Amino acid sequence: MTFAFPHSESSEPTAPKSTPRVAETRQQPRLKVSAAYSVLRVRRVGETDYQWTGHIYDVSMSGMRFEIDDALDPGTHVEVRGLLPGQTNAQFSARGRIVRYHDEGPEAGPTRMGMVFEEFSTRTDELRLAHYLDDAGLRIAA
Numbered sequence: 035m036t037f038a039f040p041h042s043e044s045s046e047p048t049a050p051k052s053t054p055r056v057a058e059t060r061q062q063p064r065l066k067v068s069a070a071y072s073v074l075r076v077r078r079v080g081e082t083d084y085q086w087t088g089h090i091y092d093v094s095m096s097g098m099r100f101e102i103d104d105a106l107d108p109g110t111h112v113e114v115r116g117l118l119p120g121q122t123n124a125q126f127s128a129r130g131r132i133v134r135y136h137d138e139g140p141e142a143g144p145t146r147m148g149m150v151f152e153e154f155s156t157r158t159d160e161l162r163l164a165h166y167l168d169d170a171g172l173r174i175a176a
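Residue numbers for the sequence shown follow the working numbering, so the first one is 35 and each next one is one higher.
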């Protein structure tokens, strides 16, 4: 089966067309983190105790990829407390939701997941993360 695509009569050049395997929805660049030196605590929204401890793999102002021992379903709302490594350690707390698995699926053992931040616990938490990313060379979009 073939498909015909209309062509533009305009003489303006157009960007090459490519079909990405997965649509990129991130608005911010992500900083890779040395997972062995990061610490993450995770709990479902509304819980009083943090149920899981894991590691951060990458982070931006809009979300992060992390790993904990239990898979949380996409759509699950969570609260996180993270500690990022480096000369200027940054601790932050945020609330958001799980958006995807980064492994083959929810299997027993550590699972990497992506989450989007919906809000930071305080303005100070947001500023700590922004300064950490800025110090690492990522310029935050206004």
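Note that the Cβ used here is the ideal one computed from N, Cα and C, for glycine as well. Owing to the predicted nature of the structure, the values given are computational and were not obtained by experimental measurement.
Figure out for me which residue from the options has the closest Cα to the Cα of residue i.
i    : options                  : result
L163 : V93, M149, T110 and Y71  : V93
M147 : D107, A124, P63 and F154 : D107
E153 : H136, F126 and D168      : F126
H89  : G120, R99 and G80        : R99
T145 : A105, D168 and A124      : A105
Tell whether a beta-carbon distance below 8 Å holds between residue i and residue j.
i    : j    : result
V76  : Y84  : yes
V150 : S68  : no
R131 : V112 : yes
A128 : D159 : yes
S122 : Y166 : In the sequence as displayed, the identity of residue 122 is Thr instead of Ser. Yes, Cβ-Cβ distance for T122 and Y166 is below 8 Å.
Can you tell me whether residue i is helix, strand or coil according to DSSP?
i    : result
L161 : helix
L167 : helix
Y84  : coil
Uninterrupted beta strand (DSSP E) stretches inside the stretch 107–138 (no shorter than 3 residues): 111–118 and 124–135
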